[in-house]
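Number of protein chains: 2
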Amino acid sequence: MKSFIKGNLLAFLVVFALNLQAGDQDPLPSWHESDSKSQIIAFVEAVTSNDSPYFVPEAERIATFDNDGNLWSEQPMYFQLFYAIDKVKEMAPDHPEWREEQPFKGVLEGDMNAVMASGEAGLLQLMMATHAGMTTAEFNASAAKWLKTAKHPRFNRLYTEMVYQPMLEVLQYLRDSGFKTYIVSGGGIDLVRLFSEEVYGIPPEQVVGSQIKKRFELRDGEPVIVREPKIFFIDDKAGKPVGIDNHIGRRPLAASGNSDGDLQMLQWTAAGEGPRLMLLLHHTDGEREWAYDSESHIGRLDTALEQARELDWVVIDMAKDWKVIYPFQLED
Amino acid sequence: MKSFIKGNLLAFLVVFALNLQAGDQDPLPSWHESDSKSQIIAFVEAVTSNDSPYFVPEAERIATFDNDGNLWSEQPMYFQLFYAIDKVKEMAPDHPEWREEQPFKGVLEGDMNAVMASGEAGLLQLMMATHAGMTTAEFNASAAKWLKTAKHPRFNRLYTEMVYQPMLEVLQYLRDSGFKTYIVSGGGIDLVRLFSEEVYGIPPEQVVGSQIKKRFELRDGEPVIVREPKIFFIDDKAGKPVGIDNHIGRRPLAASGNSDGDLQMLQWTAAGEGPRLMLLLHHTDGEREWAYDSESHIGRLDTALEQARELDWVVIDMAKDWKVIYPFQLED
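Heads up: the sequence lines are chains A and B, in that order.
The numbering used here numbers the first residue of the first sequence as 504 and each following residue consecutively.
The numbering used here numbers the first residue of the second sequence as 504 and each following residue consecutively.
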C-alpha cells in the first residue's frame with residue numbers, strides 16, 4: 504500500500520478502507536491475505552473508483568503481463584523449447600544429417616548437455632529449424648496439435664494446464680475492472696496466440712512477443728504467409744517497452760513480470776504519471792513449483808528484484824502469497 | 504450482392520430480404536442507394552445474424568482499413584509529407600546546411616519539383632530528419648500540435664477534418680455490429696495514432712502502420728524511447744498482410760483499401776473461408792475531391808481495380824455512391 508502511490512496517500516487510504524467495508528466478493532480467492540494482495544486491490548480501487556483522485560479512464564487501463572514464469576511455468580526449460588525438441592524428433596526422418604550435427608544430435612540422443620553446450624547459436628538453430636520454413640497455417644496447425652497433446656515431464660500435464668491460478672484471477676479481476684490485458688512475452692508471439700484466448704482470456708491481437716520475419720506470397724495463386732528463418736524482433740529486456748510502443752502505442756498502467764528480462768517494461772510502466780502497479784513474481788516455492796532467482800539460467804532474477812525492493816514495487820512471494828499454483832490443484 | 508458470398512446464395516438472399524423488411528434505421532445515411540451500399544449491408548447481415556448460415560462469432564469480426572485515400576484524402580500529396588515539410592521549415596534555423604542541400608533546399612524554397620526530383624532517397628531523408636532522432640514523447644507532442652493547427656492548402660481545413668463521412672459511417676456500422684475496426688496504413692503508425700481515436704473511434708492499439716526502429720534507454724535515470732533514423736517495417740503492398748499477422752494474428756473478415764498498395768491485404772482477406780467483404784474505393788470525384796487511378800503517383804490504382812472487377816469485390820465509386828465527402832459538408 505505504498506509503492507505505486509505518488510501524492511495524497513491519505514485520500515487513497517480512505518478510498519481503500521471504504522471499499523473494504525463494502526464487503527464485495529473476494530476477486531483474488533487463491534491469494535493469501537498479504538501485502539501483495541492488498542496492494543493489487545488497493546491499486547485497482549484507486550484507478551477505477553469514480554470518486555478517486557487517481558481515477559483513470561477505461562481506454563487508458565492497459566495491463567501487460569510477461570508469459571514465461573509469470574503466467575505459466577518455465578522450468579526445467581522454456582516450454583517453447585520443449586516444442587522445438589519434440590518437433591526435431593518428429594522431423595528427424597527427413598533429416599538424416601541431424602544424426603551427426605549438434606544441436607540436433609543431442610536432441611535425438613536425449614543429451615541435453617550437448618544441446619546446451621551448443622550455446623545461443625545452437626538454440627537459435629533449433630528454433631529456426633522448427634519454427635520457420637513453413638507457412639503460418641502449417642506452423643499454427645503443428646503447434647496447436649502439440650499444445651493439445653504434449654505433457655510436461657514433471658507434472659505429466661498439458662503445458663496449458665501449468666498456468667498460475669492466482670495470476671488467472673488477477674487477469675480476470677483487471678478485465679472486470681475495465682482493463683485491457685496484454686501478454687508481452689520474450690517468447691515467440693505465435694505459439695502463445697494459439698492458447699491465450701482459451702487459457703488466459705487474452706485474444707491473439709493482445710499478444711506481443713518475439714517475432715521472426717514473415718513474407719507474403721502467392722503460391723499457385725493462393726496467398727500464404729511464410730515464416731522465414733530470420734529474427735525480426737526480440738521482445739525481451741529493452742525490447743519490451745519498444746514492443747509495447749509498437750503494438751499498443753500507450754504506456755501500461757500496470758505491468759507484471761518475474762525476471763530481469765522484464766525490468767525495462769516495469770521501469771517504463773513506473774515512469775508514467777500517477778499511480779502505477781508493478782508486480783514482480785519471485786519463484787520461492789521449490790516444493791509446489793520451482794525456487795530460483797539470481798543463479799538461474801532460465802528466468803534469471805537479480806537486478807529487477809533489487810530495484811523492486813528499493814522502489815517498493817509489489818514483490819510476490821509465490822510460496823507465501825499463493826494458496827495454490829495450478830488450476831488442477833483447486834479443490835472441487 | 505454477389506462477390507463475397509461463396510455457397511448458398513439463396514439462403515443468404517432470404518436473410519438479406521428479411522432484414523430489409525425490418526425497417527431498421529439506415530446505418531449508412533451518407534451513401535446513395537447503390538450496389539456498394541447494398542453489398543456492405545448484406546455482408547454485415549450475413550455474418551452477424553444469429554440465424555444466418557454465414558454467422559461469424561464476434562471475436563473473429565476483424566475489419567482492416569487503409570488510411571491514406573481511404574479514410575482521409577491523400578492529395579496533392581500524403582498528409583504525412585505536409586507534416587515533414589512544415590517540420591523542416593520549423594527546424595531550418597538549426598540547420599543552415601539545408602539551404603544548400605536537396606531535398607531540404609527545395610522544401611525551404613517551396614520548389615516541390617526539386618523535392619520530388621530527389622526521388623525516394625530524398626523523401627526518405629525528409630522523413631528521417633523530421634520523424635527520427637527524438638523521443639516518442641517529443642515526436643508525439645510535435646505532431647499532435649501540427650494536427651491541431653496545420654491546414655490543407657485546397658480546403659483550408661485541418662487535415663483531420665478531411666476524413667470521409669461515408670467511411671466514418673462504415674466504421675461505426677461495423678463496430679455497432681460487433682466488429683473490431685483496425686487501421687492498416689502504409690504511412691507511419693505513430694502519426695495516425697495521435698488522432699485515430701478521436702476522429703475514427705479507433706484506439707492506438709488498433710492501428711497498424713509503417714514503423715521506424717525504436718530504442719529504449721535510460722536518460723539520467725529516466726526511461727525514454729528514442730526514434731531511430733532506420734526503417735523497421737514497411738506496411739505496404741506485401742507488407743500489409745504481414746503487418747496484420749504480426750499485430751492482429753487473425754485474418755480480417757473485411758478489408759478496405761483504395762490503391763495497389765492494398766491489393767495483397769484484400770487478397771489475403773478474400774482467401775479466408777466463408778463470406779468476406781473486400782472494399783475498393785475508386786477516386787472518381789474530381790469536383791468534390793480528386794479523380795485519379797492508374798496514372799497517379801500517389802495512391803496509384805491499377806492492378807487492384809482490375810482484380811476487384813474480375814473477382815466481384817465491392818468497387819466504391821466516390822462520385823456516384825457518396826452524398827457527401829467530408830463531415831463539414833453535412834447540412835446542419
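The beta carbon of each residue, even a glycine, is placed where N, CA and C say it ideally should be.
If you're wondering where the values come from, they're calculated on a predicted model, not measured in any experiment.
Cβ shell of residue i (< 6 Å), same chain only, five flanking positions each side left out
i        : result
A/PRO458 : Any question about residue 458 of chain A goes unanswered here, given that chain A covers just 504 to 835.
B/TYR631 : Correcting the residue identity first, residue 631 of chain B is Met in this sequence and not Tyr. Once the five neighbours on either side are set aside, the close Cβ partners of B/MET631 are PRO732.
A/THR787 : ALA794, ASP820, MET821 and ALA822
Local conformation of residue i per DSSP, three classes
i        : result
A/GLN714 : strand
A/ASP723 : coil
A/LEU780 : strand
A/LYS590 : helix
B/GLU809 : helix
B/ALA773 : helix
B/GLY636 : coil
B/SER533 : coil
B/ALA758 : strand
A/TRP601 : helix
A/PRO732 : strand
B/VAL827 : coil
A/ALA617 : helix
A/ILE705 : coil
A/ALA644 : helix
A/HIS750 : helix
B/ASP820 : strand
A/ALA794 : strand
B/GLN524 : Confidence is the limiting factor: at B/GLN524 the pLDDT is only 47, short of 50, which leaves the residue's position unreliable, though a coordinate-based value still follows. The answer is helix: DSSP assigns B/GLN524 an H, G or I state.
Backbone CA spacing between residue i and residue j [nearest angstrom]
i        : j        : result
A/MET619 : A/LEU626 : 8 Å
B/HIS535 : B/ILE686 : 25 Å
B/LEU671 : B/ASP739 : 22 Å
A/LEU814 : A/ASP824 : 20 Å
A/GLY742 : A/VAL710 : 15 Å
A/VAL818 : A/VAL550 : 20 Å
B/PHE735 : A/PHE568 : 24 Å
A/GLU664 : B/SER552 : 35 Å
A/GLU603 : B/LEU769 : 46 Å
A/ASP796 : B/GLY760 : 50 Å
B/GLY724 : A/ASP748 : 19 Å
B/GLY622 : B/MET615 : 11 Å
B/GLU678 : B/GLY712 : The question names Glu, but residue 678 of chain B is Arg in the sequence shown. Their Cα atoms are separated by approximately 21 Å.
A/GLN675 : B/ASN659 : 48 Å
B/LYS683 : B/PRO707 : 13 Å
B/GLY775 : A/ASP597 : 31 Å
Other residues of its chain near residue i: CB distance less than 7 Å, five sequence neighbours each side excluded
i        : result
A/ALA595 : TRP601 and LEU611
B/GLU563 : ARG753 and LEU756
B/GLN524 : Here the model assigns B/GLN524 a pLDDT of 47, short of 50, so the residue's position is not dependable, and the following value carries that caveat. Closer than 7 Å at Cβ, skipping near neighbours: no residue.
A/ILE751 : ILE565 and TYR685
B/ASN511 : Its pLDDT being 45, under 50, B/ASN511 is placed unreliably in this model, and the coordinates cannot settle the point.
B/VAL729 : THR638, LYS717, ARG718 and GLU720
B/VAL827 : SER533, GLN668 and LEU833
B/GLN583 : GLY690, GLY691 and LEU694
A/ILE801 : GLU577, GLN578, MET580 and TYR581
A/GLN810 : LEU766
Own chain residues within Cβ distance below 8 Å of residue i, not counting five before or after
i        : result
A/ASN643 : ASP693 and LEU697
A/ALA617 : GLN605, PRO606, LYS608 and GLY609
B/ASP763 : LYS740, ARG803, LEU804, ASP805, THR806 and ALA807
B/MET633 : Residue identity differs from the one stated: residue 633 of chain B is Thr in this sequence, not Met. Cβ neighbours of B/THR633 beyond the five flanking positions: TYR586, ALA587, LYS590, VAL591 and MET594.
B/ILE737 : GLY689 and SER713
Integer Cβ distance of residue i from residue j, believed to fall under 8 Å
i        : j        : result
B/VAL673 : B/VAL702 : No, B/VAL673 and B/VAL702 are not in contact; Cβ-Cβ is about 14 Å, not under 8 Å.
A/THR772 : A/ALA794 : Wrong, their Cβ atoms sit about 26 Å apart, outside the cutoff.
A/VAL559 : A/GLY777 : 7 Å
B/PRO744 : A/PRO726 : 7 Å
B/LEU784 : B/ASN573 : 6 Å
B/ILE715 : B/ALA635 : 6 Å
Any C-beta of chain C under 8 Å from that of residue i
i        : result
A/ASP815 : Judged by its chain identifiers, the structure shown contains no chain C, and its protein chains are A and B.
Note down, one range per segment and in chain order, each alpha helix (DSSP H) of at least 4 residues found wholly within the segment 549-597 of chain A.
Here the runs fully enclosed are 582-594.
Please list the segments of the beta strand (DSSP E) lying wholly inside the segment 646-703 of chain A, counting only runs of 3 or more residues, in order along the chain.
Segments of the beta strand (DSSP E) lying fully in the segment 646-703 of chain A: 683-691.
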